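Participant:
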Amino acid sequence: MAPEINPIETQVSHSVQDEKRNTVRALVEADLLDERYTSTERGLRSRHVQMMALGGTIGTGLFVGAGQSLAIGGPASLFLGYLFISCLVYCLVTAIAEIGAYMPVHGGTMSYHGFRYVSRSLGFAMGYLYWYSIGILVPYEITAASLVINYWNPGVNVAVWITVMLVVIVALNFLPVKFYGESEFWFASIKVLTLIGLLMLSFILFWGGGPDRQRLGFHYWKDPGSFNTYIVHGDAGRFVGLLQCMVSSAIAFIFAPELIVISGGEMESPRRNVPRAARRYIYRLVFFYILAVLAIGVICPSNDSRLTNGGAGAGSSPFVVGIKNAGIPVLDSIVNAAVLTSAWSSGNSFLYMSSRSLYGLAMSGNAPSVIKTCNRWGVPWIAVSCSAMFSLLAYLSVGTSSSVVFNWFVNFTNTSGFISWICCCVVYFRFRKAAETQGVERPYQSRLQPYGAYIAIVGCVFLTLINGFTVFFPSKWSVSSFFTAYIGIPAFLVLYFGHRIVFWKDPWAWRPEEVDLHTGLEEIMAAERPPPVRDTWWKKLMPDGTGVLKLDPWLEPFKDALKTRFAYAQSWISKINDTEGGLEKFSRGYEKFGFNVKENGDVVYREWAPSAIEAHLIGDFNNWDRKAHPMKANDFGVWEITVPAKDDVPAIPHGSKVKITMVTRAGEVIDRIPAWIKRVTQDLDVSPVYDAVFWNPPPNERYTFRHDRPKKPASLRIYEAHVGISSPETKVATYKNFTTKMLPRIKYLGYNAIQLMAIMEHAYYASFGYQVNNFFAASSRYGPPEDLKELIDTAHSMGIVVLLDVVHSHASKNVLDGLNMFDGSDHLYFHSGGKGQHELWDSRLFNYGSHEVLRFLLSNLRFWMEEYKFDGFRFDGVTSMLYTHHGIGTGFSGGYHEYFGPAVDSDSVMYLQLANEMLHQLYPETITVAEDVSGMPALCLPLSLGGVGFDYRLAMAVPDMYIKWLKEKQDDEWDMGNLVFTLTNRRHGEKTIAYAESHDQALVGDKTLMMWLCDKEMYTKMSVLTPLTPVIDRGMSLHKMIRLVTHALGGEGYLNFEGNEFGHPEWLDFPRAGNNNSFWYARRLLNLTEDHLLRYRFLNDFDRAMQLTEEKYGWLHSPQAYVSLKNESDKVIVFERAGLLWVFNFHPTQSFTDYRVGVEQEGTYRIVLDTDDTDFGGHGRNQKETRFFTTDFPWNGRKNFLQVYIPTRTALVCSSYLYV
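Number 467 in the UniProt record's numbering belongs to position 467 of the sequence shown; there are no gaps in the numbering.
(1) Can you tell me whether Arg-855 is helix, strand or coil according to DSSP?
(2) On the three-state DSSP scale, how would you describe Leu-549?
(3) From the DSSP secondary-structure annotation, give me the bridge partner or partners of Glu-720.
(4) So, with DSSP's three-state summary, where would you put Thr-734?
(5) Unbroken beta strand (DSSP E) runs of length 3 or more, entirely within the stretch 395-463: which are they?
(6) Gly-241: buried (16+ other C-beta within 10 angstroms of its C-beta) or exposed?
(7) State the CB to CB distance for the pair residue 1236 and Leu-393, rounded to an integer number of angstroms; the pair is presumed to be in contact (CB under 8 Å).
(8) Where does the unbroken beta strand (DSSP E) through Thr-1153 begin, and where does it stop?
(9) Only counting runs of 3 or more residues, tell me where the beta strand (DSSP E) segments fall wholly within the stretch 1127-1188, in order along the chain.
(10) Buried or exposed, going by whether 16 or more other CB atoms sit within 10 Å of the CB of Ala-714?
(11) Distance, Cα to Cα, Met-976 vs Ser-1129?
(12) Enumerate in chain order the residues of its own chain whose CB-to-CB distance from Leu-351 is below 8 Å, with the five nearest sequence positions on each side excluded.
(13) Ignore the nearest five residues each way along the sequence and tell me which others in Lys-20's own chain have a CB closer than 6 Å to its CB.
(14) Exposed or buried, what is Asn-577 when buried is set at 16 or more other beta-carbons lying within 10 Å of its beta-carbon?
(15) Evaluate the contact criterion for the stretch 1003-1020 versus the stretch 1053-1066: three or more CB pairs, one atom per stretch, below 8 Å.
(16) Would you mind listing the beta strand (DSSP E) stretches within the stretch 616-650 that are 3+ residues and don't spill past its ends, in chain order?
(17) For Ala-666, count neighbouring Cβ atoms within 10 angstroms of its own Cβ and tell me buried if that reaches 16, exposed if not.
(18) Could you tell me whether the Cβ atoms of Gly-1177 and Arg-1095 are closer together than 7 Å?
(19) Mind checking Phe-255: buried by the 16 CB within 10 Å criterion, or exposed?
(20) So is Leu-465 buried or exposed if we call it buried at 16+ other beta carbons inside 10 Å?
(21) Tell me the DSSP secondary structure of Met-760 in three-state form.
(22) Alpha carbon to alpha carbon, what distance is there between Phe-185 and Ser-46?
(23) Alpha carbon to alpha carbon, how far is Ala-996 from Asn-348?
(24) Evaluate Lys-1199 with the Cβ neighbour count: other Cβ atoms within 10 Å of its Cβ, from every protein chain shown; 16 or more gives buried, anything less gives exposed.
(25) Could you tell me the alpha carbon to alpha carbon distance between Ile-290 and Leu-495, rounded to whole angstroms?
(26) Regarding Leu-92 and the ligand ADP, is the C-beta to nearest heavy atom distance less than 6 Å?
(27) Rounded to whole angstroms, what's the CA-CA distance from Val-261 to Thr-415? Just pull it up for me.
(28) Looking at the structure shown, is Pro-688 part of a helix, part of a strand, or coil, going by DSSP?
(29) Terminal residues of the continuous alpha helix (DSSP H) containing Val-118?
(30) Taking 7 Å as the cut-off, decide whether the C-beta atoms of Gln-755 and Ile-800 are in contact.
(31) Give me the DSSP bridge partner(s) of Gly-872.
(32) In angstroms with no decimal places, state the Cα-to-Cα distance between Thr-1029 and Lys-1021.
(33) Excluding five sequence neighbours on each side, which residues of the same chain lie with their C-beta closer than 7 Å to the C-beta of Met-742?
(34) Taking Cβ positions only, does Glu-640 come closer than 7 Å to chain B?
(35) May I have the straight-line CA-CA distance separating residue 1225 from Gly-949, to the nearest angstrom?
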């Protein structure tokens, strides 16, 4: 029978759980995600945090307090006391590190974890414990400093020194945190260097290196002795002295273990580095404490009256006393001054920590909200003011001896510290229980635990009870000493139980299964970085393919795979060097294979066809006589013939048709178009099959290039174009048309690169050029090869580079006019069987591991560079090449295992590496672009680093996102965070080309962005003579905004397919049987932008302005943008790039006046591009002359802010006059 459930108890339980969950989230947002609020400024740099963490363990407890402990117990008691506390602290550190490593939140403290893993009451009590305890350490340090000053007997009232130090400490904490960090860096450096110097000096004095040449050794351990008696005589007195040393030694360690949690929120990759810090903590304890007190016992006698200010309490530093006794002039004052800076530094640090503890309490709702107030520098000045009030307690030294007041602070702080350590153990036990119950994986588990925590909690309880035990000796009774030693216990209990009374519904401790171990963890994991790779010097000199690890350490588990990949490419390079004379010669295959004419007019023809047993050259020149010109084969299956010239004139006329005819091993006679042929033509009235043409124009008909290649653009702005459709006429446009009509248009629009599609000859026009038949032939549809050369040369004269859309991922399966079954076998250029078939594209797949296939493909690239002067390539279908599954039925999650292993085609990767290596060696200014959807790492890094070698990759996820949103989401559902993530999610060090829509979307059956946005109104409402409808207004606005945000955020290059810049109103449909071979849609209506009565010109003008603005400011070659705002409710994105401020308002209905946006560079800003400009068909709601003035106040993580008016569905780009 199921137990009866009390609905009231269930409701209360759920209410408590919900309240706890909401509070946890508030704490996480306050501590981890506090950039959402007007919050503290993160001004501490890595060097600040590292040095402060190192120097934070050294303070006056060691430099001054150790002297009093030495006088009480002697050197042996001092050493044992510090050894005992060090062991206790190490047990605590390893336990606390397990907590800090799992959830290292920014601004996190043990009170935060106390709330999260135990209860709200414990977190509340610990929070205030840290605030007042650390706050009281400020007057403790100031009092210690006054003791140090007294060494010089200045004759000045101690109140003067207290005031001076207090003013400086408080002032530093009111300044921006970077000033605090900088001062603490140097203070901590002085402490570390001072202690190192003192240890070296002690070593020298130990061996008699002082001025008097007296070898100290362990002299003072014998005289006056290793153990001193304290309060009582005999062994009991020595035991009392040992206990007191243990208690008094603790002040040097108080709150040090907790610092590992605080610093964990500030350090890089804390889930990796916190465990490392914990493991190394033992070395810090040994070096800074154990060796230090050992040195003190060597150089300073325990009976020196200066150690205890004549018996009143703590006095001079034992190091200073030791130096004075050694007779070393001046050094004692130098060290004393260093100790003084130590006290000053610690006071400065403790006020910072106390104020931030109070600030954290306010952020979590446990202190008045007014305490959250920050000044213009991000400093919580009210929290600093409240915490600074404790500093006034230092003036107690005016009425009472500083030595006595020093002991009061020691007593009180020790009790608070011991209570904190007990609470830390309790938090650890609850955290460990919750982690085990929920089965979560902890990044760090110490071998000491949980036993170390048990030892620590017992030790701390013991120390708490005996903290003031000496007051129970009649001769030592003191109300003030008793009060300061034990008041911390009831104070903590009042805080804890007081909170319990208010929140009596809370459980005493969260149940392990209810403890929140997940909120905020995803953000922390996302920010985590793997360890950097450290190579030995000889490995750095010899590349092995792992250089990429420095850019992407997450590849470390695949280091061996990277080495194997690199070694495989290098083995092929070595093989080619040995057998072919290097890549340079190897890639000139077109000078050996195919048709080549000698100076005397002889025509040499070679063809690789190892499966043929007989071959003849046939053509118009020999009336297609199949036996007239037999060819001879060598041992490698290369057939060759030389056709002698006639009167120094080639026997094969220019423009005549040729073929190779072969007999296969099966006895079949086959005719083929030569694989390396440079010209093929098609006469559809006769046959769809292409004819091979011997192309050898006389010198006077050959085009001579007049212009050098332009330099590689720093910012790549690509205009993707198809020659055949680049005209409004219903026919195949020509190279000549492109040269005279399109090039001036592209230049006017501001693009500096053209990507030409469908140049390599393809039998099927509707394939968009992606079913290549003849790899060395420029498509004859558009005109002769010389016209293509003129096109490219003219583009170069305009400063425009021209890229070829090269298709080496597959080939047409045509047999009569392609490479398929060339010599009668299915495995000449391609893999045999199913491995050589692409099931979706119905095409053949190259065998990239074949020596001759490599020659063919590498020479093909070289040919286009040499013969036509292309400037680079866009490699099509790279994803299909990289993987044996060709991306079919496979989604890429981004897991690194997807980029290695059997799914990767090692031969394909090797070919691409060799192709890029060859191109960049021979043509340093060349540009290569990879069309890859998988996101393979190192694709766009050089081979020397282990990369594939491309310059750019296409950001293929971007257009997919826009189409998905336009299909499935309302405008007010657009996710600004996802938009920014998709546009900026690219691999560090690898350049990306962004584009808003692909050429595939222009094809019939799909839709361009403008079609999705405006649909049928594109055809009826784009005239300026008709009213601007909401649909057209929305469409034009978003068309401009989408393209601008893509251009600005999406990468280091930008691409646009012709016509899309102005929202071309028709799709592409090439002539085919299904449309009666019509050319009506196989064209681009570029003339629409020339009609001033149509709104298309506005979009065209905006695209031009966008390109020209980029040319002026160069954001594409600037570092990635800093995004300061992604507001989901306002639909606003704000970022900075290239000195420009970008503000996007995607909200469909809301405009915002005086909208505050953060900006790093102060100054006066003006609008340089406005999507709402009337010149671009907008409403002109912002005046072009508007000036925006920054205010020196931090906002959204930037140093300044300005206020702008951002109308609905508009974007502004603003420039400071500094950049104009």
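Glycine is no exception: its CB is placed at the ideal position from the N, C-alpha and C atoms. Predicted, not measured: the structure shown is a model, and the values here were computed from it.
Facilitator: Reading off the structure:
(1) helix
(2) helix
(3) Gln-755, Phe-1057
(4) coil
(5) none
(6) buried
(7) In this structure the chain extends from 1 to 1220, so residue 1236 is not present and cannot be described.
(8) 1152-1159
(9) 1132-1137, 1140-1145, 1152-1159, 1164-1170
(10) exposed
(11) 9 Å
(12) Gly-135, Val-138, Ile-169, Val-170, Asn-173, Val-384, Ser-387, Ala-388, Ser-391
(13) With a pLDDT of 45 at Lys-20, under the threshold of 50, the modelled position of this residue cannot be trusted, and the question is left open.
(14) exposed
(15) yes
(16) 638-643
(17) exposed
(18) yes
(19) buried
(20) exposed
(21) strand
(22) With a pLDDT of 46 at Ser-46, under the threshold of 50, the modelled position of this residue cannot be trusted; read the value that follows with caution. Looking at the two C-alpha atoms, the distance is approximately 10 Å.
(23) 53 Å
(24) buried
(25) 36 Å
(26) Ligands displayed in this structure: none; no statement on the ligand ADP is therefore possible.
(27) 21 Å
(28) strand
(29) No alpha helix (DSSP H) holds Val-118; DSSP gives it neither H nor E.
(30) no
(31) Leu-803, Ile-927
(32) 7 Å
(33) Ala-721, Ser-726
(34) Absent here is chain B; the protein component of the structure consists of one chain.
(35) The structure shown does not extend to residue 1225, since the chain is modelled only from 1 through 1220, so no value can be given for it.
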